[in-house]
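Residues -17 to 367 (our numbering) are what the sequence shown spells out, left to right. To keep things clear, I will list the structure first and then write my remarks on it.
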Amino acid sequence: MKELKFPEGFLWGAATASYQVEGGIENCDWAQAAREGKVPVCGEAADQYNRYEHDFDLAKDLGHNFTRISIEWARIEPEEGKFDPDAIEHYKKVLSAIHKRGLKPMVTFWHFTLPTWFSDKGGFNQKNSPEIFMRYCLYVIGSLHEYCDLWDTINEPMVWVNNGYTRANWPPFKRNPIKFWGALQNLIKAHNLVYQEIKKLYPALNVGVVKDNINFVSDWKPWNKIARAAVDSFWNHYFLKRTHKNCDHIGLNYYFHSQIGKKKYFQKNDMGWDLNADGMRQVLIDLKRYKKPIYISEAGTADHADAHRPEYIRDLVKATHEAISAGSDVKGFLYWSLIDNYEWALGFEKEFGLIHVDRKTQERTVRNSALVYKKICESNSLTIE
Ligand code: BGC
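Below, the structure is given as structure tokens:
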């Protein structure tokens, strides 16, 4: 038996995103797409809008001292340029509830859903979209800067442009490389602008981005090595090379590895995704090049039966420890997700939660994997054979 100790002050918790858990959000592009029958209906989701106190009670009981949420833009700015103070009040209550339970919050300004007035006008394809996004972020930060000091501008820019403009299975459902490119450029501008403006006003806040990096590997064949380097450079580094100077930290979301050429077999999760925690170690080591503190802002698995989740969590934590030993400046780990939620185009079918949510009664049930994770959180260590 060996105990892998984490640095003092290491943060442990789980993440959620507003649209996926809150419920009752009808004025955003995803709700609009559901009304048009293009994606599943989200409806009351996990009703976290009303049940957040209970959910954070559970997080506290599970040994967490860290949590990630996002703010719903469509709630804050339901009409262009018109901000809703009641929506801010709600998030003040949520953040106070988080602090009251001894959790440190990390807040994302934008996690995939756009107000319909913004998406109807062209979303991030509008020339002035970075400024419109900045106006929203500055309103939020003006009201909430005392409630949270760790912020992320954008969640997974590459996943969002890829699903929206290449796979076209997410809003705005446009298979269009020119729009893909335009949106990506505007996201880069939006991040840089928001970072600079926030830092002018509140230099002490820690602002970064949540990036969706993939562990690309190849066999020995030279053309596969070239292909690997090309996709790695574009998917993992194009956005970060243009934004890292405007980041106090990098948030890493890790779900995928991709094998180019000869493929090794890996156990699959309910999404059909390979389970390869060691890929996260490699991604974390690769991110050292930006010389920024890293928060693992999401890593997790869909596992209704909770059969492989306990071991996978332990593997992810081990990979984190190995990356730290290899010099990665990792500050915290957020499992995705705290509770079962709306898994985008797949609706409620896939369950990532440490806590199961009954679809009919909204009743919460703590899974065994949450208790396995609790041990790690409370001891700030992982015991291995
Ligand atoms: C997203 C989450 C999503 C999770 C699992 C990440 O891409 O940030 O919103 O639920 O992966 O697919």
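Here a beta-carbon is modelled for each residue, glycine too, at the ideal position from N, C-alpha and C.
Problem set entry | Closer than 7 Å: Phe334 CB and nearest the ligand BGC heavy atom | Here residue 334 corresponds to residue number 352 of the sequence shown, with the count starting at 1. True, at least one ligand heavy atom lies under 7 Å from that Cβ.
For this session: Could you tell me if Asp43 is buried or exposed, where buried requires 16 or more neighbouring beta carbons within 10 angstroms of its beta carbon?
Result: Residue mapping note: residue 43 aligns to position 61 of the sequence shown, counting from 1. When all chains shown are included, Asp43 counts as exposed.
For this session: Sort out for me which residues DSSP pairs Ile64 with in a bridge.
Result: By one-based count along the sequence shown, residue 64 stands at place 82. According to the sequence displayed, residue 64 carries Lys and not Ile. Beta-bridge pairing links Lys64 to Glu61.
Exercise. Roughly how many angstroms lie between the CA atoms of Gln30 and Leu77, to the nearest whole one?
Worked result: Position 48 of the sequence shown holds residue 30. Position 95 of the sequence shown holds residue 77. Each residue's Cα considered, the two are about 13 Å apart.
For this session: Name, in chain order, the residues that DSSP records as bridge partners for His231.
Result: The count along the sequence shown starts at 1 and reaches residue 231 at position 249. According to DSSP, which records beta bridges pairwise, His231 is partnered with Gly190.
For this session: Tell me, please, which residues DSSP counts as bridged to His338.
Result: By 1-based counting over the sequence shown, the position of residue 338 is 356. According to DSSP, which records beta bridges pairwise, His338 is partnered with Thr347.
For this session: Could you check what DSSP says for Glu26 in three-state terms: helix, strand or coil?
Result: Counted from its first residue, the sequence shown places residue 26 at position 44. Note: Glu26 maps to coil in three-state DSSP.
Exercise. Name the DSSP bridge partner or partners of Leu(-7)?
Worked result: Your numbering for residue -7 matches position 11 in the sequence shown. Gly314.
Exercise. Between the region 156 to 164 and the region 178 to 197, do three or more beta carbon pairs fall short of 8 Å?
Worked result: no
Exercise. Nearest to Phe91 by CA position, among Val143, Ala16, Ala212 and Tyr73, is which residue?
Worked result: To locate residue 91, count along the sequence shown from 1; it is residue 109. Out of Val143, Ala16, Ala212 and Tyr73, Tyr73 has the C-alpha closest to the C-alpha of Phe91.
Exercise. Comparing alpha-carbon positions, which option in Ala284, Glu325, His81 and Trp205 lies nearest Tyr1?
Worked result: Residue mapping note: residue 1 aligns to position 19 of the sequence shown, counting from 1. That would be Glu325, whose Cα lies nearest to the Cα of Tyr1.
Exercise. CB-CB under 7 Å to Ala212, same chain, minus the five flanking residues each way: which ones, in chain order?
Worked result: Here residue 212 is taken as the residue at index 230 of the sequence shown, counted from 1. Closer than 7 Å at the Cβ level, and outside the excluded window around Ala212, lies no residue.
Problem set entry | Neighbour flag for Lys270 against chain B, beta carbons, 8 Å | Absent from the structure: chain B. Only one protein chain is present.
For this session: Assign Ser78 to one of three DSSP states: helix, strand, or coil.
Result: Stepping through the sequence shown from its first residue, residue 78 is reached at position 96. Helix, per DSSP.
For this session: Kindly provide the ranges of any alpha helix (DSSP H) runs that are 4 or more residues long and lie completely inside the region 250 to 314, ordered along the chain.
Result: 260 to 268 and 291 to 307
For this session: Report whether the distance from the Cβ of Asn451 to the nearest heavy atom of the ligand BGC is below 7 Å.
Result: This structure gives no information on residue 451, because the portion of the chain shown stretches from -17 to 367.
Exercise. Using a threshold of 7 Å, is the CB atom of Gly258 nearer than that to any non-hydrogen atom of the ligand BGC?
Worked result: Stepping through the sequence shown from its first residue, residue 258 is reached at position 276. In the sequence under discussion, the amino acid at residue 258 is Asn, which differs from the Gly named in the question. Every heavy atom of the ligand BGC is 7 Å or more from the Cβ of Asn258, so no.
For this session: Return helix, strand or coil for Val176, following the three-state DSSP convention.
Result: Residue mapping note: residue 176 aligns to position 194 of the sequence shown, counting from 1. It is helical.
Exercise. What are the boundary residues of the alpha helix (DSSP H) that includes Leu120?
Worked result: Within the sequence shown, the letter at position 138 stands for residue 120. Its alpha helix (DSSP H) spans residues Ser111 to Leu126.
Exercise. Which residues share a DSSP beta bridge with His239?
Worked result: In the sequence shown, counting from the first residue as 1, residue 239 sits at position 257. His239 is bridged to Asn197.
Problem set entry | Bridge partners - Leu(-14), DSSP secondary structure assignment | Translated into the one-based positions of the sequence shown, residue -14 becomes position 4. Note: Leu(-14) sits in a beta bridge opposite Leu364.
For this session: For the region 167 to 183 and the region 200 to 211, state whether three or more C-beta atom pairs, one from each stretch, are separated by less than 8 Å.
Result: no
Exercise. Could you give the distance in angstroms between the alpha-carbon of Ile306 and the alpha-carbon of Val312?
Worked result: Position 324 of the sequence shown, counted from the start, is the residue given in the question as residue 306. Position 330 of the sequence shown, counted from the start, is the residue given in the question as residue 312. Straight-line Cα distance between these residues: approximately 6 Å.
Exercise. Which residue or residues does DSSP assign as beta-bridge partners of Lys86?
Worked result: Numbered from its first residue, the sequence shown carries residue 86 at position 104. For Lys86, which the question treats as bridged, DSSP gives the partners Phe48.
Problem set entry | Among Trp255, Pro87, Ile136 and Ala150, the one whose alpha carbon lies nearest that of Glu128 | In the sequence shown, the residue the question calls residue 128 occupies position 146. For Glu128, the nearest C-alpha among the options comes from Pro87.
Exercise. Taking just the CA atoms, how far does Glu304 sit from His290?
Worked result: Residue numbering aside, residue 290 sits at position 308 when the sequence shown is read from its first letter. Residue numbering aside, residue 304 sits at position 322 when the sequence shown is read from its first letter. Those two C-alpha atoms are separated by around 21 Å.
Problem set entry | C-alpha distance - Glu59 paired with Ala16, whole-angstrom precision | Counted from its first residue, the sequence shown places residue 59 at position 77. Counted from its first residue, the sequence shown places residue 16 at position 34. Distance between the alpha carbons of Glu59 and Ala16: 21 Å.
For this session: Return the first residue and the last residue of the beta strand (DSSP E) that Thr135 is part of.
Result: For the purposes of this step, residue 135 is taken as residue 153 along the sequence shown, with counting starting at 1. Unbroken beta strand (DSSP E) run through Thr135: Leu132 to Asn137.
Problem set entry | Proximity test, Ala305 beta-carbon vs the ligand BGC heavy atom, cut-off 7 Å | To locate residue 305, count along the sequence shown from 1; it is residue 323. Ala305 Cβ: outside cutoff for every heavy atom of the ligand BGC.
Exercise. How about Gln2: is its Cβ closer than 7 Å to a heavy atom in the ligand BGC?
Worked result: For the purposes of this step, residue 2 is taken as the residue at position 20 of the sequence shown. For the ligand BGC, at least one heavy atom lies less than 7 Å from the Cβ of Gln2.
For this session: Could you say if the region 46 to 62 and the region 4 to 18 meet the contact criterion of at least three C-beta pairs nearer than 8 Å?
Result: yes
Exercise. Smallest Cα separation from Phe334: which of Thr343, Ser351, Gln344 and Lys342?
Worked result: As a first step, residue 334 must be located in the sequence shown, where it is residue number 352. Closest by alpha carbon: Ser351.
For this session: Note the first and the last residue of the continuous alpha helix (DSSP H) segment covering Trp12.
Result: Within the sequence shown, numbered from 1, the residue matching residue 12 stands at position 30. First-last of the alpha helix (DSSP H) with Trp12: Asp11 to Arg17.
Problem set entry | Cβ-based burial, Asn110 [other Cβ within 10 Å; buried from 16] | On the sequence shown, residue 110 is found 128 positions in, with the first residue counted as 1. The residue in question, Asn110, is exposed, as its Cβ has fewer than 16 Cβ neighbours within 10 Å.
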